[in-house]
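Chemist: In this note's numbering, the protein residues as written are 35 to 534.
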Amino acid sequence: MNRFYKRYSDVIFHLFKDNKWSNLTELSDKTGYSKSTIRRDLKFLETLIPEGWGFEKSESLGICLIKPENGTLESLLVQIREKNSYFHILKLILLNDGVDISQISQEVHISRSTAYRHLEKLQEVVREAGVDLSASPFKLVGDEKKIRRFIMRNLDFATLETYPDKGSLDEKEFQTTLLQLFSKHSMSFRTGALHRLTMILYISNLRVSMGYFVSYPKSVLINYEGSKYFEFSKELGHYMERCPTRDIQLQEIFYLAIYLMSEEKPLNRSQHLRYLRNRMKSKRGFPLTQFLDSLSEYVCFNLSQDDIFLFHLYQTLKRISLETEFEMETVRNSMLQYLPYFEYNPIFQTIEELATKSFLTVPLKIKKLDVLEIFSLLQAAILRNKNQHTIIVALVCRTYTEKDYIREVLKYHYGNQVRISTFDPSSRELIYKYEEIDLIISTEEDTGVFQKIPVIKVSSFPTPSELMQIKQFFEDHFFDQFSMDKGLIYPYQKMNAVVK
Numbered sequence: 035m036n037r038f039y040k041r042y043s044d045v046i047f048h049l050f051k052d053n054k055w056s057n058l059t060e061l062s063d064k065t066g067y068s069k070s071t072i073r074r075d076l077k078f079l080e081t082l083i084p085e086g087w088g089f090e091k092s093e094s095l096g097i098c099l100i101k102p103e104n105g106t107l108e109s110l111l112v113q114i115r116e117k118n119s120y121f122h123i124l125k126l127i128l129l130n131d132g133v134d135i136s137q138i139s140q141e142v143h144i145s146r147s148t149a150y151r152h153l154e155k156l157q158e159v160v161r162e163a164g165v166d167l168s169a170s171p172f173k174l175v176g177d178e179k180k181i182r183r184f185i186m187r188n189l190d191f192a193t194l195e196t197y198p199d200k201g202s203l204d205e206k207e208f209q210t211t212l213l214q215l216f217s218k219h220s221m222s223f224r225t226g227a228l229h230r231l232t233m234i235l236y237i238s239n240l241r242v243s244m245g246y247f248v249s250y251p252k253s254v255l256i257n258y259e260g261s262k263y264f265e266f267s268k269e270l271g272h273y274m275e276r277c278p279t280r281d282i283q284l285q286e287i288f289y290l291a292i293y294l295m296s297e298e299k300p301l302n303r304s305q306h307l308r309y310l311r312n313r314m315k316s317k318r319g320f321p322l323t324q325f326l327d328s329l330s331e332y333v334c335f336n337l338s339q340d341d342i343f344l345f346h347l348y349q350t351l352k353r354i355s356l357e358t359e360f361e362m363e364t365v366r367n368s369m370l371q372y373l374p375y376f377e378y379n380p381i382f383q384t385i386e387e388l389a390t391k392s393f394l395t396v397p398l399k400i401k402k403l404d405v406l407e408i409f410s411l412l413q414a415a416i417l418r419n420k421n422q423h424t425i426i427v428a429l430v431c432r433t434y435t436e437k438d439y440i441r442e443v444l445k446y447h448y449g450n451q452v453r454i455s456t457f458d459p460s461s462r463e464l465i466y467k468y469e470e471i472d473l474i475i476s477t478e479e480d481t482g483v484f485q486k487i488p489v490i491k492v493s494s495f496p497t498p499s500e501l502m503q504i505k506q507f508f509e510d511h512f513f514d515q516f517s518m519d520k521g522l523i524y525p526y527q528k529m530n531a532v533v534k
C-alpha cells in the first residue's frame with residue numbers, strides 16, 4: 035500500500051529527518067524525483083497537511099517543514115493517508131460485504147472513471163496477497179484465512195476507524211477480561227498484545243457477521259482442543275459473533291486461540307534462555323544456531339550472548355512459524371510505512387539473505403516486514419554493545435582546576451563510556467605503564483612527546499568543535515572493531531544512499 039502515496043511520504047520523510055532547510059536539488063537527489071515533480075507534490079501536500087503543519091519557503095534557503103509541538107512523522111503520514119482516495123476505497127471494501135461503483139464514487143467524491151482506475155490498481159495489491167477482488171459488487175473473494183490476513187495487514191495502515199459500530203465490542207471490557215484470563219491461565223503476553231487481540235477479534239466478528247468463516251482440518255482442531263489456548267479462547271466466547279453451527283464456532287474459537295499462542299511470552303526469561311541455549315546445541319536448534327553464528331560473524335560480536343536480542347529474536351521466529359503454519363498475520367503495521375527506507379540498507383539485505391539460507395529446511399515464510407523486525411532488533415543489539423563500549427582516557431592537565439573541570443565535562447557528555455585517569459605533564463612517562471590507554475586528551479601545547487597513542491588537544495574550557503573531535507574518535511574506535519559501515523547504523527547517516 036506504500037505505492038499509493040510514496041512520492042508524498044518520501045518528501046515528508048526527508049524534510050522531517052533532516053530537520054533543516056533543504057533545496058529542491060537536495061530533495062531530488064534524496065528521493066530520485068525531478069525538481070518539477072517535487073514542486074508539484076509540495077503544492078498538493080499544502081492542501082492535505084493538517085492545521086499546525088506547513089512548509090516555509092525561501093528563495094535562498096529552500097524549503098523547511100514547520101511542525102506543531104509534539105508533531106510526529108507517523109501522525110502526519112496518517113493524516114495524509116486519511117485524505118488519500120485509494121485508502122478510502124480500500125476502507126469501503128474491507129468493511130463491507132460488497133460495494134458498487136456508485137457507492138464508491140459517492141463516498142470518496144471521485145468520478146466513476148477515476149474510481150475504476152483506482153480499483154484496477156487496488157486489484158494488483160489484492161492479488162499479491164493471494165486473494166481477488168470481484169466486480170459488481172466489489173468485494174474480497176478467496177480463501178478466508180488469506181482474506182483475513184490481508185485485512186489484518188492493511189487495517190491500521192489504511193487508517194480505518196477500527197470500531198465503526200461502538201456497540202459491537204466493548205474494547206475496555208474485553209481487554210480487562212483478557213488481563214484476568216492471562217492471570218488465570220498463568221500466562222504472560224508480549225507488549226501490545228491487548229491491542230492486537232482486540233483488532234483480531236474485531237476482524238473475526240466482522241467477517242462472521244457477513245457469513246464468512248475460517249476452516250482448519252479436523253485433525254488440527256483435535257490436536258489443540260483442550261489446550262490452555264483453546265480453553266482461554268472459549269472463555270472469550272461471549273465476545274464473539276454467533277456462528278450457525280457448533281463446528282463453525284469451534285473453528286472461530288481455534289482461530290483466536292492461534293493468536294493467543296503467538297502473543298504468549300515466557301514467564302521466566304532466564305529459564306527460557308537456558309532452554310534456548312540448550313536447544314541450540316541440538317539438531318532441532320541448528321537453523322537458529324547457524325543464523326546467529328552467521329549474523330554474529332557479520333557484526334563481529336557474539337549475538338547469542340546478548341540475552342535481550344536472543345529472547346526477542348526467538349519470539350519473532352515463533353510468531354513467524356505460527357503465521358506460516360496457520361496462514362495468519364499479526365497487526366504491526368506501524369512498521370510498514372518505514373519499509374521503503376530500510377529495505378535497501380545492506381544490513382537489511384544481509385539479514386534477509388542469511389535468514390533465507392539458514393532456515394531453508396524449516397517451514398518459515400520470512401517476509402520483508404519480518405526482516406525489518408529482525409533489523410530493528412539487530413540495530414538495538416549493536417547500539418547496546420556501543421553503549422557498553424568503554425574508552426580509557428589519559429587526561430593530561432596543567433592545573434587542578436583544568437583537571438577537575440575537563441574531567442566532569444567529559445563525564446557529562448560520555449558518562450560511563452569513558453574511564454579517565456589524570457596525569458600531570460611532568461609525569462607523562464607514567465602513561466606508558468598503562469598499556470590499555472586508548473586516547474590522550476591534553477591541554478599541553480607540546481604533544482609531540484606522546485608516541486603511538488592518539489592525542490587530542492583541548493582548551494582549558496573545551497569548545498564544541500574540540501568535543502566533537504573527541505566524539506568522532508569514540509565513534510571510530512567502536513566501529514573499527516566491525517566490518518560494517520557506521521553510516522548504516524542508527525542514526526543512519528547514509529540513509530539517503532540506500533533509499534531507492
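Every residue gets a Cβ at the ideal spot worked out from N, C-alpha and C, and that includes glycine. Bear in mind the structure is a predicted one, so any value in this text is a computation, not a measurement.
Taking the alpha carbon of residue 248 as the point to measure from, which residue in 185, 283, 147, 403 has its own alpha carbon closest?
Modeler: Here residue 248 refers to the residue found at position 214 when the sequence shown is read from its first residue. Taking only the C-alpha atoms, the option nearest residue 248 is 283.
Chemist: Is residue 495 helix, strand or coil by DSSP?
Modeler: In the sequence shown, counting from the first residue as 1, residue 495 sits at position 461. Coil at residue 495, not helix or strand.
Chemist: Considering residue 432, what are the terminal residues of the beta strand (DSSP E) in which it resides?
Modeler: Along the sequence shown, one-based indexing puts residue 432 at 398. Residue 432 -> no beta strand (DSSP E), and no H or E assigned at all.
Chemist: If contacts are defined as beta-carbon pairs under 8 Å, then residue 430 and residue 477 qualify, I think. What distance do you get, rounded to the angstrom?
Modeler: Here the question's residue 430 lines up with position 396 in the sequence shown. Here the question's residue 477 lines up with position 443 in the sequence shown. About 7 Å; that satisfies the 8 Å criterion.
Chemist: For the region 388 to 402 and the region 445 to 459, state whether three or more C-beta atom pairs, one from each stretch, are separated by less than 8 Å.
Modeler: The region 388 to 402 vs the region 445 to 459: no contact.
Chemist: For residue 197 and residue 236, I'd like the C-alpha separation in whole angstroms.
Modeler: Numbered from its first residue, the sequence shown carries residue 197 at position 163. Numbered from its first residue, the sequence shown carries residue 236 at position 202. Note that residue 197 has pLDDT 47, beneath the 50 cutoff, so the model's placement of it is unreliable and no number is given.
Chemist: Straight-line CA distance for residue 329 to residue 73?
Modeler: Position 295 of the sequence shown holds residue 329. Position 39 of the sequence shown holds residue 73. Residue 329 and residue 73: Cα-Cα distance of roughly 43 Å.
Chemist: From which residue to which residue does the beta strand (DSSP E) around residue 404 run?
Modeler: Taking the first residue of the sequence shown as 1, we reach residue 404 at position 370. Segment 402 to 422 is the alpha helix (DSSP H) holding residue 404; no beta strand (DSSP E) there.
Chemist: Would the region 92 to 104 count as touching the region 52 to 62 if we require 3 or more Cβ pairs under 8 Å?
Modeler: With a cut-off of 8 Å, the region 52 to 62 and the region 92 to 104 count as touching, because enough Cβ pairs lie within range.
Chemist: Just to confirm the assignment: which complete beta strand (DSSP E) runs, minimum length 3, are found wholly within the region 132 to 189?
Modeler: If we require 3 residues or more, the beta strand (DSSP E) runs fully inside the region 132 to 189 come out as 166 to 168, 173 to 175.
Chemist: Counting only the same chain and skipping the five closest in sequence on each side, list residues whose C-beta sits under 6 Å from that of residue 452.
Modeler: For the purposes of this step, residue 452 is taken as the residue at position 418 of the sequence shown. 425, 427, 444, listed in sequence order.
Chemist: What's the C-alpha gap between residue 167 and residue 161?
Modeler: In the sequence shown, residue 167 corresponds to position 133, counting from 1. In the sequence shown, residue 161 corresponds to position 127, counting from 1. Looking at the two C-alpha atoms, the distance is approximately 8 Å.
Chemist: For residue 249, which of helix, strand or coil comes out of DSSP?
Modeler: For the purposes of this step, residue 249 is identified with residue 215 of the sequence shown, where counting begins at 1. The answer is coil: DSSP assigns residue 249 none of H, G, I, E or B.
Chemist: Measure the C-alpha to C-alpha separation of residue 536 and residue 114 and round it to an integer number of angstroms.
Modeler: Lying before the first or after the last residue shown, residue 536 is absent from the chain, which here runs from 35 to 534.
Chemist: State the CB to CB distance for the pair residue 42 and residue 63, rounded to an integer number of angstroms; the pair is presumed to be in contact (CB under 8 Å).
Modeler: Position 8 of the sequence shown holds residue 42. Position 29 of the sequence shown holds residue 63. That pair is no contact at about 18 Å.
Chemist: Here's a check: name, in chain order, each residue in its chain whose Cβ is nearer than 8 Å to the Cβ of residue 458, leaving out the five neighbours to either side.
Modeler: In the sequence shown, the residue the question calls residue 458 occupies position 424. Around residue 458: 430, 431.
Chemist: Can you list the alpha helix (DSSP H) stretches of 4 or more residues lying completely in the region 264 to 308, in chain order?
Modeler: Here the runs fully enclosed are 280 to 297.
Chemist: Could you tell me the alpha carbon to alpha carbon distance between residue 257 and residue 402, rounded to whole angstroms?
Modeler: Looking up residue 257 in the sequence shown gives position 223. Looking up residue 402 in the sequence shown gives position 368. Near 31 Å, if we compare the C-alpha coordinates of residue 402 and residue 257.
Chemist: Nearest-angstrom Cα distance between residue 454 and residue 48?
Modeler: Counting from 1 along the sequence shown, the entry for residue 454 is found at position 420. Counting from 1 along the sequence shown, the entry for residue 48 is found at position 14. Approximately 39 Å, taken between the alpha carbons.
Chemist: For residue 97, report the span of its alpha helix (DSSP H) as first-last.
Modeler: Counting from one through the sequence shown, the residue named residue 97 turns up at place 63. Residue 97 -> not in any alpha helix (DSSP H); beta strand (DSSP E) instead, spanning 96 to 100.
Chemist: Do the region 99 to 113 and the region 139 to 156 make contact, defined as three or more Cβ pairs closer than 8 Å?
Modeler: Taking 8 Å as the limit for Cβ pairs, the verdict is that the region 139 to 156 does not touch the region 99 to 113.
Chemist: Checking the sheet assignment: what are the DSSP bridge partners for residue 89?
Modeler: By one-based count along the sequence shown, residue 89 stands at place 55. Per DSSP, 99.
Chemist: How about residue 250 and residue 288: are their beta carbons less than 8 Å apart?
Modeler: For this step, residue 250 is matched to residue 216 along the sequence shown. For this step, residue 288 is matched to residue 254 along the sequence shown. Going by C-beta atoms, residue 250 is nearer than 8 Å to residue 288.
Chemist: Determine the DSSP secondary structure at residue 115, reduced to helix, strand or coil.
Modeler: Here residue 115 corresponds to residue number 81 of the sequence shown, with the count starting at 1. Residue 115 falls in the helix class under three-state DSSP.
Chemist: Is it right to say residue 502 is buried, meaning 16 or more other beta carbons lie within 10 angstroms of its own, or is it exposed?
Modeler: As a working note, residue 502 is residue 468 in the sequence shown. Per the 10 Å Cβ criterion, exposed.
Chemist: Look up residue 203 in the DSSP assignment and say whether it is helix, strand or coil.
Modeler: For the purposes of this step, residue 203 is identified with residue 169 of the sequence shown, where counting begins at 1. Coil at residue 203, not helix or strand.
Chemist: Whole-angstrom Cβ separation of residue 307 and residue 343, contact assumed at under 8 Å?
Modeler: For this step, residue 307 is matched to residue 273 along the sequence shown. For this step, residue 343 is matched to residue 309 along the sequence shown. Between residue 343 and residue 307 the Cβ distance is about 11 Å, and since that is not below 8 Å, they are no contact.
Chemist: Which residues bound the alpha helix (DSSP H) around residue 78?
Modeler: By one-based count along the sequence shown, residue 78 stands at place 44. Per DSSP, residue 78 belongs to the alpha helix (DSSP H) from 69 to 82.
Chemist: Out of 280, 292, 322, state which residue places its alpha-carbon closest to the alpha-carbon of residue 353.
Modeler: For the purposes of this step, residue 353 is identified with residue 319 of the sequence shown, where counting begins at 1. Closest option to residue 353, Cα to Cα, is 292.
Chemist: Cβ atoms of residue 174 and residue 127: under 8 Å apart, would you say?
Modeler: Start at 1 with the first residue of the sequence shown, and residue 127 comes out as number 93. Start at 1 with the first residue of the sequence shown, and residue 174 comes out as number 140. Their beta carbons are under 8 Å apart, which means residue 127 touches residue 174 by this criterion.
Chemist: In chain order, what residues of the same chain have a beta carbon less than 6 Å from the beta carbon of residue 185, not counting five sequence neighbours either side?
Modeler: The residue given as residue 185 occupies position 151 in the sequence shown. Answer for residue 185: 128, 237, listed in chain order.
Chemist: Assign residue 225 to one of three DSSP states: helix, strand, or coil.
Modeler: Position 191 of the sequence shown, counting from 1, holds the residue named residue 225. Here residue 225 sits in coil by DSSP.
Chemist: Considering Cα atoms alone, identify which of 219, 207, 156 is closest to residue 39.
Modeler: Residue mapping note: residue 39 aligns to position 5 of the sequence shown, counting from 1. Comparing Cα positions, the closest option is 156.
Chemist: Which same chain residues, not among the five before or five after residue 298, have their C-beta less than 6 Å away from its C-beta?
Modeler: For this step, residue 298 is matched to residue 264 along the sequence shown. Result list for residue 298: 221, in chain order.
Chemist: Checking 8 Å against the spacing of the C-beta atoms, do residue 415 and residue 337 come in under that value?
Modeler: Reading the sequence shown from its first residue, position 381 is the one you call residue 415. Reading the sequence shown from its first residue, position 303 is the one you call residue 337. The answer is yes: Cβ separation under 8 Å.
Chemist: Can you tell me whether DSSP reads residue 398 as helix, strand or coil?
Modeler: What you label residue 398 is simply residue 364 of the sequence shown in a count that begins at 1. Correct three-state label for residue 398: coil.
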